[in-house]
C-alpha cells in the first residue's frame, strides 16, 4: 500500500514539473519558431532571465513549505497549517509587490547592468514580464502547499492547463505584437493560473489574508509606483 501511494504521488509530481517547465519555456520556443529571428530570440531570453530574479529568490520558500505542510496536514493540525500558509503568503506578497514594481519601472537600467546597452530592446518585454513573474511566483510557491498536503492532482492539472493556455495565447499574440505579445500572453496566463491556485488554497485551507492587510499592500505598491515615476 505504501509503495503504491508513493508511486501515485511521484508520477503526479513528475507530470507537474514537466508541465510547469513547458509552461515557463513555451514562450521562448514560440518566439524562436514564429519570428525565425535569432536577434529577437536573444533579446527575449535576456528579458526572461532578468525578469525571473524574484522567482529565483522565492524558490527557497518551496523547499521549506513542502515538509512543513506535509507534517501539519498529517497531524490534522488545521490551525497551524492555515497559520503557516497565511504567513508565507503575506510575507511573499509584501516582498513581491515592491520588487515587481521596481523591476518593471526600472527595466532599462537593470538590463544595462546585466547585459549592456546592446540588449536595451529587452527592457520593454521585461517591464511586462515582471508582473507575470510575480503572478507565476505566487502560483509556484502555493503549488507546494498543495503538494505538501498530498493534493498533487490540482497543481498538476493547473500546470497542464497553463501550458496549453500559454501556448495558444503566445501563438496568437506573437504574430501581432512580436516580443511584447509573448510577454503579454505569459503575464495573462500567469495571472489566470495564480487565481485558480489561490481559489483552491482558500477552499481547502481557509482565508489567506485579511482585506485590511491586502489593501495596505496595494496602497504601498501604488505609493511606490508613484514615487518611481519621479526618478529616471
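Numbering (my numbering), first residue to last: 2 to 233.
Built from N, CA and C at the ideal position, the CB exists for glycine as well.
Reduced DSSP category for residue i - H, G, I as helix; E, B as strand; rest coil
i           : result
residue 153 : coil
residue 208 : coil
residue 41  : helix
residue 76  : coil
residue 232 : coil
residue 192 : helix
residue 53  : coil
residue 59  : helix
residue 87  : helix
residue 117 : coil
residue 107 : coil
Distance CB(residue i)-CB(residue j) smaller than 7 angstroms
i           : j           : result
residue 47  : residue 123 : yes
residue 149 : residue 27  : no
residue 126 : residue 180 : yes
residue 136 : residue 209 : no
residue 23  : residue 164 : yes
residue 20  : residue 121 : no
residue 207 : residue 9   : no
residue 134 : residue 52  : yes
residue 138 : residue 59  : yes
residue 225 : residue 112 : no
Residues near residue i in its chain [Cβ-Cβ closer than 6 angstroms; skip 5 each side]
i           : result
residue 98  : 218 and 222
residue 147 : 155 and 156
residue 100 : 55
residue 63  : 142 and 145
residue 94  : 218
Same chain only: Cβ atoms within 7 angstroms of residue i, ignoring 5 sequence neighbours per side
i           : result
residue 159 : 194, 197 and 198
residue 243 : Since the first residue of the chain shown is 2 and the last is 233, residue 243 is not available in this structure.
Presumed contact (8 angstroms Cβ cut-off) between residue i and residue j, rounded CB distance
i           : j           : result
residue 169 : residue 36  : About 17 angstroms separates the two Cβ atoms, so there is no contact after all.
residue 183 : residue 32  : 5 angstroms
residue 108 : residue 128 : 4 angstroms
residue 167 : residue 190 : 4 angstroms
Neighbourhood of residue i by C-beta distance below 8 angstroms, restricted to the same chain and skipping five residues each side
i           : result
residue 204 : none
Closer than 6 angstroms: residue i CB and nearest the ligand ATP heavy atom
i           : result
residue 180 : Of ligands this structure carries none, so the ligand ATP is not represented either.
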